[in-house]
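Colleague:
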Amino acid sequence: MGVDAGLIEWVAEALAPIGTVTSRRMMGGATLYCDGTIFAIAGDDGLWFKADAESDAAWDAADCARFTYAKGDGTTGSMNYRRAPDDVYDDADAMREWAGLALAAGARAPKPKRKNKR
């Protein structure tokens with residue numbers, strides 16, 4: 001997965017009325033945050049929004065595939081991210097609508113535990 005800088009710029013522009021989008025390079029792509037909340041991952045294959053059990057019905061209704069990847073042992077893994085609907089790539093209102101679902105899922109996600117430093 002590579003980082004599409006133009007896509008990240010578009011997401012930041014479309015979500016500017018909601019908050020500030022930042023990114024962090026990870027695993028060949030980028031993790032996207034809005035005001036510190038993880039809500040998406042971006043790569044050369046497009047944009048994937050954070051999902052959870054509460055939002056899965058909306059993603060299923062829009063036929064948005066779950067993010068999957070090949071594991072080293074030959075099996076397939078998945079993460080709680082869904083492929084962005086096509087209209088988010090050229091419609092700021094659609095971007096804000098779907099990103100809103102992802103931001104809500106990100107806000108509901110358990111916060112990672114910090115390791116104690118000795």
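Numbering-wise, the sequence shown is residues 1 to 118 according to UniProt numbering. Just so it is clear, CB atoms sit at the ideal spot from N, CA and C, and this is done for glycine as well. Note that the structure is predicted; figures quoted are calculated from it, not measured.
1. Check the DSSP bridge columns for residue 33 and list the partner residues they point to.
2. Would the segment 40-47 count as touching the segment 1-15 if we require 3 or more Cβ pairs under 8 angstroms?
3. Is the beta carbon of residue 38 less than 8 angstroms from the beta carbon of residue 23?
4. Quick test of your reading: residue 88 and residue 95, contact by CB under 8 angstroms. State the CB separation rounded to the nearest angstrom.
5. Output the boundary residues of the beta strand (DSSP E) element that contains residue 99.
6. With distances taken from CA atoms, which of 74, 55, 58 and 51 is nearest residue 67?
7. Kindly give me the distance between the Cβ atoms of residue 47 and residue 11, rounded to whole angstroms, as I take these residues to be in contact under 8 angstroms.
8. Under a three-way DSSP split, which group does residue 72 fall into?
9. With DSSP collapsed to three states, give me the class of residue 28.
Modeller: Looking at the atomic coordinates:
1. Per DSSP, 22 and 38.
2. Contact holds: three or more Cβ-Cβ distances are below 8 angstroms.
3. Result no, Cβ atoms of residue 38 and residue 23 do not sit closer than 8 angstroms.
4. About 4 angstroms separates the beta carbons of residue 88 and residue 95, which is inside the 8 angstroms limit, making them a contact pair.
5. Unbroken run through residue 99 is the alpha helix (DSSP H), 92-108; no beta strand (DSSP E).
6. Ranking the options by Cα distance to residue 67, first place goes to 51.
7. Contact flag correct, Cβ pair sits at about 7 angstroms.
8. Coil, per DSSP.
9. Three-state DSSP puts residue 28 in coil, outside helix and strand.
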